[in-house]
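Novice:
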Amino acid sequence: MNIPQLQVTTTKAQLGFTTQQPTQQIEQPKATLDLQQPKAEMSINTTKSKLSIDTTEARADMDLKSAARRTSDVAQYAQSQVSNGIARRAQDGNDMMRIENGGNPIVAFAERAFRQPYSSLNVKFVPSIGSVKVSFQSGSVDIRVEPQKVINNSHANKPIHNYTPGKVTTELIQKPSIQIDWKV
Numbered sequence: 155m156n157i158p159q160l161q162v163t164t165t166k167a168q169l170g171f172t173t174q175q176p177t178q179q180i181e182q183p184k185a186t187l188d189l190q191q192p193k194a195e196m197s198i199n200t201t202k203s204k205l206s207i208d209t210t211e212a213r214a215d216m217d218l219k220s221a222a223r224r225t226s227d228v229a230q231y232a233q234s235q236v237s238n239g240i241a242r243r244a245q246d247g248n249d250m251m252r253i254e255n256g257g258n259p260i261v262a263f264a265e266r267a268f269r270q271p272y273s274s275l276n277v278k279f280v281p282s283i284g285s286v287k288v289s290f291q292s293g294s295v296d297i298r299v300e301p302q303k304v305i306n307n308s309h310a311n312k313p314i315h316n317y318t319p320g321k322v323t324t325e326l327i328q329k330p331s332i333q334i335d336w337k338v
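In this note's numbering, the protein residues as written are 155 to 338.
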């Protein structure tokens, strides 16, 4: 006996994929550096030191006097000698006026005039102690430094980013199908 049969034939669908890969490029440029350091401002002020040495008295002790000093000393000596001479002559005149009181004033005048004064023997240090006068005024140094700030005009550069997205395309290569047949 022939039994009818149902025959089913199917064809699968076939899909095709085409892929385009994505591309990405990243580039980081170096930072732009612009640094400047101005010089510091510096000022130096000095006061000179002063040394003063006065040797006038020490030179006078060694008989190395200036012309003005020697003239002054001679004038003082002459004035004192004149004063002494006037006083001595006045005294001599008074003694002569009182000759009646006794004594021999003329002989006393002669003895006084020709008597040698006693000289003393002393040790003298030349120049004398403290005759050199020294004075010193110290100087000073004033240093001022003003640092300057750094000028920073640097900046970072943004990255360069190029991106192309990927793409997938599909296509139907084979259509699906179903066939149904009866077989008797």
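Even for Gly, the Cβ is constructed at its ideal location relative to N, Cα and C.
Return yes when the Cβ of THR165 is within less than 9 angstroms of the Cβ of PRO330, no when it is not.
Specialist: The residue labelled residue 330 in the question sits at position 176 within the sequence shown. The residue labelled residue 165 in the question sits at position 11 within the sequence shown. Against a cut-off of 9 angstroms, the Cβ pair of THR165 and PRO330 comes out as a contact.
Novice: Using a threshold of 9 angstroms, state whether the C-beta atoms of SER206 and LYS287 are closer than that.
Specialist: Walking along the sequence shown from the start, residue 206 turns up at place 52. Walking along the sequence shown from the start, residue 287 turns up at place 133. Taking 9 angstroms as the Cβ cut-off, SER206 and LYS287 qualify as a contacting pair.
Novice: May I ask which residues mark the beginning and end of the alpha helix (DSSP H) holding MET251?
Specialist: Position 97 of the sequence shown, counted from the first residue, corresponds to residue 251. It spans 221 to 251 - the alpha helix (DSSP H) in which MET251 sits, taken as one unbroken run.
Novice: Compare the C-alpha of LYS321 against each of PRO271, GLN174, ALA222, ILE334 and name the closest.
Specialist: Here the question's residue 321 lines up with position 167 in the sequence shown. With distances taken between Cα atoms, LYS321 lies closest to GLN174.
Novice: From ALA310 to GLU300, what does the alpha carbon distance come to, in whole angstroms?
Specialist: Counting from one through the sequence shown, the residue named residue 310 turns up at place 156. Counting from one through the sequence shown, the residue named residue 300 turns up at place 146. C-alpha separation (whole angstroms): 31 angstroms.
Novice: Based on the DSSP secondary-structure assignment, which residues constitute the bridge partners of ASN199?
Specialist: Against the sequence shown, residue 199 aligns to sequence position 45. Answer is ASP296, bridged to ASN199.
Novice: Pull up the CB-CB distance for PRO319 and PRO176, whole angstroms please, since I reckon it's below 8 angstroms.
Specialist: Residue numbering aside, residue 319 sits at position 165 when the sequence shown is read from its first letter. Residue numbering aside, residue 176 sits at position 22 when the sequence shown is read from its first letter. Sure, about 5 angstroms apart at Cβ, within 8 angstroms.
Novice: Following the continuous alpha helix (DSSP H) through GLU325, name the residue where it begins and the one where it ends.
Specialist: The residue labelled residue 325 in the question sits at position 171 within the sequence shown. Where GLU325 is concerned, there is no enclosing alpha helix (DSSP H), although the beta strand (DSSP E) it sits in stretches over 321 to 328.
Novice: Hey, would you say ILE334 sits closer than 9 angstroms to LEU169, going by beta carbons?
Specialist: Here residue 334 is taken as the residue at index 180 of the sequence shown, counted from 1. Here residue 169 is taken as the residue at index 15 of the sequence shown, counted from 1. No.
Novice: Could you have a look at ASN307 and say whether DSSP puts it in helix, strand or coil?
Specialist: Here the question's residue 307 lines up with position 153 in the sequence shown. In this structure, ASN307 counts as coil in the three-state DSSP scheme.
Novice: CA-CA distance, GLN159 and TYR317?
Specialist: Numbered from its first residue, the sequence shown carries residue 159 at position 5. Numbered from its first residue, the sequence shown carries residue 317 at position 163. Roughly 60 angstroms separates the two Cα atoms.
Novice: What do you reckon, are the CB atoms on ASP215 and VAL277 nearer than 9 angstroms?
Specialist: Mapped onto the sequence shown, residue 215 falls at position 61. Mapped onto the sequence shown, residue 277 falls at position 123. For ASP215 and VAL277, no; Cβs fall outside 9 angstroms.
Novice: Helix, strand or coil, according to DSSP, for ASP188 in the structure here?
Specialist: Mapped onto the sequence shown, residue 188 falls at position 34. Reduced to three states, the DSSP call for ASP188 is coil.
Novice: Starting from GLU181, follow the beta strand (DSSP E) in both directions and report where the run begins and ends.
Specialist: Position 27 of the sequence shown, counted from the first residue, corresponds to residue 181. That run of the beta strand (DSSP E) goes 177 to 181.
Novice: Measure the CB-CB distance between HIS315 and GLN178 and report whether it falls below 9 angstroms.
Specialist: By one-based count along the sequence shown, residue 315 stands at place 161. By one-based count along the sequence shown, residue 178 stands at place 24. In this structure, GLN178 lies closer than 9 angstroms to HIS315 by Cβ.
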